[in-house]
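Numbering (my numbering), first residue to last: 73 to 364.
And the structure:
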């Protein structure tokens, strides 16, 4: 495996684009089947948090793996400890663009990556980012692997963020509300004793909504598991179970129609406003998204 880091500019202010760092682990030998997988850490963690899963996946499933140090968390927040988060916290909006821009950047470096094998594993807030990323960039991901994901902003999460949210702010961060826009196969696991991101408020509610839409996600609830899934299992062992199911022959619904890679415009109605994303714009372009 080859391990290195990339830096790129993500959308911010015109005069002050945000520099983002991402960890990349890629196979020594490539094939026509070599795909790509995002690994997105949780609130307050950092780009090395899932290194054990990244190294396992690179070798086992022939994947280029990228883990983005998105803004406001981890080493981006504290360069010494790699732990903690900024307050007020943007709570999975700009962070979604940081992560998707990382995928765009690695595709620019390795355009030979197989677009039928584009995956995203994420947990906790990372799961929230992954869900919203699929909504913001339809038909991009072959599968999402989601562990203990946040699905929308509850009162507890709003209090952690330390800021106010408008109706459109809440809507654009609500994967349940926009569940009909999710594409690709969906795999979930969640502990039933998770006090940080309760499974009944988040995964169960989203799964119910998906099933009402005729979508049948793969779901595993770990009885007695806390936010890190202990004592029922470990995060690594649970990941292996999920990955073995998800990363075989799963392909995107229509990878040729990926808005992220084709540069299409995506519009998402959110309460009193509509979010417009223009994926033809560079990663740091202030017109990458707008509200109307």
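All residues carry an ideal CB built from backbone N, CA and C; glycine is no exception.
Give me, in chain order, the residues of the same chain whose beta-carbon lies closer than 7 angstroms to that of residue i; leave out the 5 immediate sequence neighbours on both sides.
| i | result |
| --- | --- |
| residue 271 | 262, 263, 264 and 293 |
| residue 28 | Outside the displayed range of the chain (73 to 364) lies residue 28, so it cannot be described from this structure. |
| residue 237 | 225 and 230 |
Near residue i, which residues of its chain fall below 6 angstroms by C-beta distance, leaving aside the five closest residues on each side in sequence?
| i | result |
| --- | --- |
| residue 148 | 141 |
| residue 150 | 156 |
| residue 251 | 281 and 282 |
Output the distance between the C-alpha atoms of residue i and residue j, rounded to the nearest integer angstrom.
| i | j | result |
| --- | --- | --- |
| residue 283 | residue 289 | 8 angstroms |
| residue 268 | residue 225 | 12 angstroms |
| residue 229 | residue 217 | 22 angstroms |
| residue 274 | residue 280 | 10 angstroms |
| residue 183 | residue 133 | 19 angstroms |
| residue 260 | residue 221 | 8 angstroms |
| residue 317 | residue 174 | 25 angstroms |
| residue 112 | residue 118 | 9 angstroms |
| residue 100 | residue 242 | 43 angstroms |
| residue 136 | residue 313 | 20 angstroms |
Are the beta-carbon atoms of residue i and residue j separated by less than 8 angstroms?
| i | j | result |
| --- | --- | --- |
| residue 204 | residue 176 | no |
| residue 332 | residue 209 | yes |
| residue 355 | residue 139 | no |
| residue 185 | residue 107 | yes |
When you compare the CB of residue i with every CB in chain C, is at least one pair closer than 8 angstroms?
| i | result |
| --- | --- |
| residue 98 | No chain C is present in this structure, which holds just one protein chain. |
With which residues is residue i paired in a DSSP beta bridge?
| i | result |
| --- | --- |
| residue 346 | 341 |
| residue 92 | 80 |
| residue 112 | 194 |
| residue 362 | 348 |
According to DSSP, is residue i helix, strand or coil?
| i | result |
| --- | --- |
| residue 232 | helix |
| residue 119 | coil |
| residue 325 | Note on residue 325: pLDDT 48, under 50, position unreliable in the model; no value is reported. |
| residue 286 | coil |
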